[in-house]
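Q: Protein chains in written order, with our numbering: chain A, 815 to 928; chain B, 258 to 366. This structure is in structure tokens; I'll ask about it shortly.
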């Protein structure tokens, strides 16, 4: 079974631009979560989608948004990019989104904001 | 939210057994203990999860004492490819999990 895939793997943007990242979960998985990882803050939860609905949201500004499609694929959007948004963005999928379901992470998208 | 404390770094040698201990004094009754491994510029990879006593799978064992205030991840016969950061997570709800700095494990030849 194919793992979680994320596109693109690397991205360079400038301040003020917006970016859209894509995540394809493992086939059959309905829950997708997004995380931001930086050297200073570590891995931080952004939001979780389940059956096209945002189920949980972390403590990030409204510039960070996401959505999930009927095939469980998910996209994350960051508007008005800031230098501090440079990070590794990870998505993780889970089977049914129950509390003890194992999260399977993708390889991440490395975003650099200049 | 259960905060965890684990060593910042550890060194070991190929072929040795490595034990990484995680302290979680305020673990809640419903909380599970989960360990992930992460290589540079890759997403974390699930290693093992447990609630109490001992859990073993093909790559690791997880020991949890009766009071559940700590847990130990045991990696048997490590190799160079086990060099990575290991995260101990305590909780149930993904959005409440606190990913600390993890333990940077360096395996030497």
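Even glycine gets a Cβ: it sits at the ideal position worked out from N, Cα and C. Note that the structure is a prediction, hence the values are computed from the model and not measured.
Would residue 829 of chain A be called buried (16 or more neighbouring beta carbons within 10 Å of its own) or exposed?
A: exposed
Q: For the beta strand (DSSP E) holding residue 360 of chain B, just list the boundary residues, first then last.
A: DSSP places residue 360 of chain B in the uninterrupted beta strand (DSSP E) bounded by 360-365.
Q: Could one say the Cβ of residue 319 of chain B lies closer than 9 Å to chain A's Cβ atoms, at least one of them?
A: no
Q: On the premise that residue 887 of chain A lies in contact with residue 836 of chain A, defined as a C-beta separation below 8 Å, what is that separation, rounded to the nearest angstrom?
A: 7 Å between Cβ atoms; contact.
Q: Which stretch, first to last residue, makes up the beta strand (DSSP E) that contains residue 878 of chain A?
A: Here the beta strand (DSSP E) through residue 878 of chain A covers 878-882.
Q: Keeping to the same chain, check which residues put their C-beta closer than 8 Å to that of residue 269 of chain B; ignore five residues upstream and five downstream.
A: 275, 335, 362, 363, 364 and 365
Q: Could you tell me whether the Cβ atoms of residue 332 of chain B and residue 316 of chain B are closer together than 9 Å?
A: yes
Q: Pick out the complete alpha helix (DSSP H) segments inside the stretch 266-320 of chain B, 4 residues or longer, and give them in chain order.
A: Fully enclosed alpha helix (DSSP H) runs of 4 or longer: not present.
Q: From this set, A:923, A:925, A:924 and A:919, which residue's C-alpha is nearest residue 818 of chain A's C-alpha?
A: A:919
Q: Of all the options A:831, A:893, A:917 and A:822, which has the alpha carbon lying nearest to the alpha carbon of residue 846 of chain A?
A: A:917
Q: Any C-beta of chain B sitting closer than 9 Å to the C-beta of residue 914 of chain A?
A: yes
Q: Under a Cβ-count criterion, where at least 16 other Cβ atoms within 10 Å of its own Cβ denotes burial, should residue 868 of chain A be classed as buried or exposed?
A: exposed
Q: List, in order along the chain, the chain A residues whose C-beta lies closer than 9 Å to that of residue 351 of chain B?
A: 845, 847, 859, 862, 870, 906, 908, 911, 913, 915 and 917
Q: Could you name the residues of chain A that residue 334 of chain B contacts, counting a contact when the two beta carbons are closer than 7 Å?
A: Under the 7 Å cutoff, chain A gives no residues; its nearest Cβ is about 24 Å from residue 334 of chain B.
Q: Indicate the three-state DSSP secondary structure (helix, strand or coil) for residue 898 of chain A in the structure shown.
A: helix
Q: Would the stretch 896-911 of chain A and the stretch 281-295 of chain B be scored as touching if the rule is three or more Cβ pairs under 8 Å?
A: Not touching, per the Cβ criterion.
Q: Would you identify the three-state DSSP class for residue 353 of chain B, choosing helix, strand or coil?
A: helix
Q: With 16 other CB atoms within 10 Å as the buried threshold, where does residue 301 of chain B fall?
A: Flag for residue 301 of chain B reads buried.
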